[in-house]
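The next block holds one structure in the form of structure tokens; read it before the comments.
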Amino acid sequence: MKVISRLFLLLIYAFLYVPIIVLIIYSFNNSQYSMLWHGFTWAWYQQLSSDSDLISSAVNSIALGVSASSIATLLGTLCAVSLYRYNFKGQKLLYFTVFLLILMPDIVIGTSLLILFSTANFELGFFSLLIAHITLCLPFVVIVIYSRLTTVDENIFEAALDLGATNSIIFKRILIPLLTPGLIAAWLLSFTLSLDDVIISYFVSGPNFQILPLQIFSMVKLGVDPEINALTSIIFAITVLFVLISHFSLRKK
Amino acid sequence: MKHDTFKFFSLSTIWLWIILFAILPFVLMLVISFATAGENNLVVYSFNLHNFLNLINYAYLRIFTRSVFLAAYVTVITLIIGYPFAYIIAHTSERIKNLLLLLVIIPFWTSSLIRSYAMITILKTQGLLNSFLLWLGVIHMPLQILYTNIAVIIGLVYSLLPFMVLPLYANIERLDQSLVDAARDLGANRYITFKRVIIPQTIPGIISGCIIVFLPAMTIFYIPDLLGGAKSMLLGNLIQDQFLFANNWPQGAAISVILTAFMLILLWLYWRNSRSKDRHEFL
Amino acid sequence: MVKTVQLDTTSKPLIEFINVSKSFADQLVLSNINFSVKSGEFLTLLGPSGCGKTTLLRLISGFEKPNTGEILFNGKSVVGISPHQRHVHTVFQSYALFPHMNVFENVAFGLRCQKVPKDEINERVDQALRLVKLETLAKRKATQLSGGQQQRVAIARAIVNKPLALLLDEPLSSLDYRLRKDMQIELIQLQRKLGITFIFVTHDQEEALSMSDRIVVMHEGHVEQIGTPREVYETPKNLTVAKFIGEVNIFDTEVIEVNQKTIKVNIDGYLHQLANTKNFQTGDKLHMIIRPEDMRAYRMDETEGQERMLIGKVNEVIYKGCTVDLIIQLNNGKIVSVEEYFNEDDDKLEYQLNETVILNWLPGWEVVLPYEA
Chain A
1 MKVISRLFLL
11 LIYAFLYVPI
21 IVLIIYSFNN
31 SQYSMLWHGF
41 TWAWYQQLSS
51 DSDLISSAVN
61 SIALGVSASS
71 IATLLGTLCA
81 VSLYRYNFKG
91 QKLLYFTVFL
101 LILMPDIVIG
111 TSLLILFSTA
121 NFELGFFSLL
131 IAHITLCLPF
141 VVIVIYSRLT
151 TVDENIFEAA
161 LDLGATNSII
171 FKRILIPLLT
181 PGLIAAWLLS
191 FTLSLDDVII
201 SYFVSGPNFQ
211 ILPLQIFSMV
221 KLGVDPEINA
231 LTSIIFAITV
241 LFVLISHFSL
251 RKK
Chain B
1001 MKHDTFKFFS
1011 LSTIWLWIIL
1021 FAILPFVLML
1031 VISFATAGEN
1041 NLVVYSFNLH
1051 NFLNLINYAY
1061 LRIFTRSVFL
1071 AAYVTVITLI
1081 IGYPFAYIIA
1091 HTSERIKNLL
1101 LLLVIIPFWT
1111 SSLIRSYAMI
1121 TILKTQGLLN
1131 SFLLWLGVIH
1141 MPLQILYTNI
1151 AVIIGLVYSL
1161 LPFMVLPLYA
1171 NIERLDQSLV
1181 DAARDLGANR
1191 YITFKRVIIP
1201 QTIPGIISGC
1211 IIVFLPAMTI
1221 FYIPDLLGGA
1231 KSMLLGNLIQ
1241 DQFLFANNWP
1251 QGAAISVILT
1261 AFMLILLWLY
1271 WRNSRSKDRH
1281 EFL
Chain C
2001 MVKTVQLDTT
2011 SKPLIEFINV
2021 SKSFADQLVL
2031 SNINFSVKSG
2041 EFLTLLGPSG
2051 CGKTTLLRLI
2061 SGFEKPNTGE
2071 ILFNGKSVVG
2081 ISPHQRHVHT
2091 VFQSYALFPH
2101 MNVFENVAFG
2111 LRCQKVPKDE
2121 INERVDQALR
2131 LVKLETLAKR
2141 KATQLSGGQQ
2151 QRVAIARAIV
2161 NKPLALLLDE
2171 PLSSLDYRLR
2181 KDMQIELIQL
2191 QRKLGITFIF
2201 VTHDQEEALS
2211 MSDRIVVMHE
2221 GHVEQIGTPR
2231 EVYETPKNLT
2241 VAKFIGEVNI
2251 FDTEVIEVNQ
2261 KTIKVNIDGY
2271 LHQLANTKNF
2281 QTGDKLHMII
2291 RPEDMRAYRM
2301 DETEGQERML
2311 IGKVNEVIYK
2321 GCTVDLIIQL
2331 NNGKIVSVEE
2341 YFNEDDDKLE
2351 YQLNETVILN
2361 WLPGWEVVLP
2371 YEA
């Protein structure tokens, strides 16, 4: 029984990882189209580094990601803290809306935002993307921070109040330090979500601000390209790095 | 009072954002779904049910049912693979468990687009899968997998498997082992224990996983785009098409509204099934 | 150890509860609470779980609001004033130390909130830590301390602010026996030294008896009795108090005859004469209460001149080290418990099971209470 379990695990992990590993291997393959190994090369990575189009998209995406994550983390933390600590009118509704936002298909979020921007005559570009990405990441930040909050002894907030602290002191001096691992994880998760988002960005991006995932999407539609292999390998490596940082930061507590 | 200013500031900022960018857009979408498309991308506001009635025609219904069935296949497959997978991981020793979990979280965080692209390399005619099968001697001619519905299903399963595994794992991990022990102690064999004790306890996880997989399976448009053929237009593609190519926003809005209603029904089923939990526990 | 501090009973009370009641949802948790806390006293709220004592404490600290009634601090109403503005501080059962701060920062927290100047903070924190004997651990992270040490930090953190009163919510319940006993003594000494009013919540009646100036005995949301430990133990007002504090033997009987200051009652076939402390009339039903340690047991051959006798058979002999408990069954079936000091050399105390023994008690050591249904 145990052997079968181990085998099954191995099989599924292989299913999950083989395609990506193959991708990484082929990014070093000294051949444009062939599936056979023609020797190791850095060529595709070099081509990548001189592809100014891709690089400017990457820079755009990074700028977008950093901004969206930071704002989403701040807003999401305020939201999670409020939901956890206070009792206020409409609390259940807020809860429900955040929950709904996570499950809402990206395409509905994307198209409804498009309608909003169009109705308000708001130009599509960096800011429309920023707003969309913050809205996308917000509920995830709320989950991460909220579950982090549940690990904190409830009495601490009462103790602080009892000793004379106002809510803003509690937020600054107690919550933020205690939540730091969660904040890191939430920020990294948001950044990844922003960097990887295709569907929402598809609807709310404008012609003047090209972002990486959309560019990759249009390149991929044309077929397999080793340059894309190289690019996706890099993105994968960065993702792994983020997961590791977030995981170990959360574990320290 | 200073005490309340912060609370006031927090709450009003959050509400402002949610209302402006989550609730309002959806309300607008609802409104538009009752309008008609004008020229040059303009929307003519005349209340009618055209867009909804249109959906009862054959072409739309076909796409809708195909999407539902496809999403259902994907959900069932990920469940069948994901459940034992999560179960086995939950029962490994503490040291390995964390590593195994990490190895599931990594694909979870990895862009679906990149992973789908990786699938293309595997599934294409000169791709790895065909080469492997040919080498094994199982087939003599390469299979045309890419650009078929099968490829779309494989692609969706590949993307969404981690989404099924994680909620299942969370649920199975929290299973009270003493319940299992009690059942075994009272004479139940493994099969009965599994059927009568373990599965009922993990139903919340199963339902969560299914909802988290089913909805995206219907609406991620780039996977059918990349891996599927002309016949693979799913709900997501349909909406995309209405908004960006057919310029019929009201129609697209109507489909989105139906989709949302569908999602709410599923959620209601989930809510009904889960008993009242501690308010901090739902997340 | 009997507390002999003289309390100032003439000045105004520090905290007053007037007709206070509190409900949660539809459940009445506290009803008709009236009492006052004197300045400088060690007051204990005592009762079983669910009696409302913690809720009462939280009404004082401000985390709950009363549904009816008034709560006054030094004569001024505090209803509506939030916890962070009330000048009372709580020591929580779980200590609730801030895990990311060290001992010094934890203790200094309240002072920092009030924007006390840095030098003064250093001085006062130092002083507080010395009072709880933790001055060497100031830089240690709060989570690295033992349970007893954490508790002392929690106390230091509260007293450094010089509160009107210190509220302690079952602070000793998670400590082991030895540590708990030590901490009880330390707390009393601390209270005496500081002169601050302590309001202490516990369900452990032994703890309440040994530490308090006064005890408020609570049961199901009511105040049953308020008094010094001796008053509450030796003259309980009703059955609830009598049963909750210490062990009791309860005899239900009826007044047969009244003679000026005494009454005659029948217990298990024997006539007994008791002091008429509650002005009973003939025919009144009553409970007679005797604590096990106030009873004596004698062998059949020692019964010369013993009055107030009851006769029974030994059911159990329980050796408790310091004392021996006897469970005796009287002729009418009633079970009585007797506690005697164990004297190793005295073979009078080697009772056998089923042995017949005679019981009596010293006159006046019983308590008579009106019959409760």
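Chains as they are written, first to last, in the numbering used here: chain A, 1 to 253; chain B, 1001 to 1283; chain C, 2001 to 2373.
Beta carbons: idealized from backbone N, C-alpha and C, even for Gly.
- Per the coordinates, the alpha-carbon of A1022/B lies some 16 Å from the alpha-carbon of L1011/B.
- Distances from the CA of T180/A to each of S49/A, L130/A, S249/A were compared; the closest alpha carbon is that of S249/A.
- Separation of V2248/C and N2238/C (C-alpha to C-alpha, rounded to the nearest whole angstrom) is 12 Å.
- With respect to V2338/C, L2353/C sits apart: the two C-beta atoms are not nearer than 7 Å.
- Runs of beta strand (DSSP E) with 3 or more residues, each lying fully within the segment 2233–2313 of chain C, are found at 2249–2259, 2262–2267, 2270–2275, 2285–2290, 2295–2299, listed in chain order.
- Judged by beta-carbon spacing, I71/A lies within the 7 Å limit of I134/A, meaning their Cβ atoms are closer than that value.
- DSSP places T1110/B in the coil class of the three-state scheme, outside both helix and strand.
- Judged by beta-carbon spacing, N60/A lies within the 7 Å limit of I211/A, meaning their Cβ atoms are closer than that value.
- Under the Cβ criterion (8 Å, minimum of three pairs), the segment 2099–2111 of chain C does not count as touching the segment 2176–2185 of chain C.
- When the beta-carbon positions are compared, T111/A and F217/A stay at least 7 Å from each other.
- Sixteen is the threshold: when 16 or more other Cβ atoms of the shown chains lie within 10 Å of the Cβ of D197/A, as they do, the residue is buried.
- For G164/A, the chain C residues whose Cβ falls inside 8 Å of its Cβ are H2084, Q2085, G2110, C2113, Q2114, N2161, in order along the chain.
- For F2198/C, the enclosing beta strand (DSSP E) begins and ends at 2197–2202.
- Under DSSP, D2169/C shares a beta bridge with V2201/C.
- According to DSSP, T2068/C shares a beta bridge with S2021/C.
- Nearest to S1067/B by alpha-carbon distance, out of L1055/B, F1006/B, N1237/B, is N1237/B.
- Residues V2265, N2266, I2267, L2286, M2288 of the same chain have their beta carbon placed closer than 7 Å to that of T2253/C, with the five preceding and five following residues left out of the count.
- Note on geometry: alpha-carbon atoms of I1172/B and R85/A lie some 29 Å from one another.
- The Cβ neighbour count for E2344/C, taken over all protein chains shown within 10 Å, is under 16; the residue is labelled exposed.
- Residue environment analysis places E2070/C among the exposed positions, since fewer than 16 neighbouring C-beta atoms fall within 10 angstroms of its C-beta.
- Secondary structure of Y1222/B (DSSP, three-state): helix.
- Chain-order list of chain A residues neighbouring P1025/B: S112, L113, I115, L116, by C-beta distance under 7 Å.
- For S2036/C, no alpha helix (DSSP H) run applies; the uninterrupted beta strand (DSSP E) run containing it begins and ends at 2027–2037, by DSSP.
- Rounded to whole angstroms, the separation of the alpha carbons of G2110/C and F1262/B is 53 Å.
- At a cut-off of 7 Å between beta-carbon atoms, A1090/B makes no contact with chain A.
- In this structure, the straight-line span from the alpha carbon of F28/A to that of L48/A is close to 12 Å.
- H133/A: not part of any beta strand (DSSP E); member of the alpha helix (DSSP H) spanning 126–149, first to last residue.
- The C-beta of K2022/C has 16 or more other C-beta atoms within 10 Å across all chains shown, which makes the residue buried.
- Taking C-beta atoms as the reference points, F2017/C and F2035/C count as a pair closer than 7 Å.
- Apart from the 5 residues on each side of it in sequence, E2170/C sits with its Cβ closer than 6 Å to the Cβ of Q2093, V2201, T2202 in its chain, given in chain order.
- For F2024/C, no CB of chain A lies under 7 Å from its own CB, so it is not counted at the interface with that chain.
- Using a Cβ-Cβ cut-off of 7 Å, T2090/C counts as an interface residue toward chain A, since at least one Cβ of chain A sits closer than that to its own.
- Shown here, N2315/C sits in a strand according to DSSP, grouped into three states.
- The Cβ-Cβ distance between G1252/B and F1245/B does not fall below 7 Å.
- Taken atom to atom, the span from the alpha-carbon of Y1169/B to that of L1123/B is near 29 Å.
- Comparing alpha carbon positions, the residue from T2136/C, S2049/C, G2221/C closest to Q2205/C is S2049/C.
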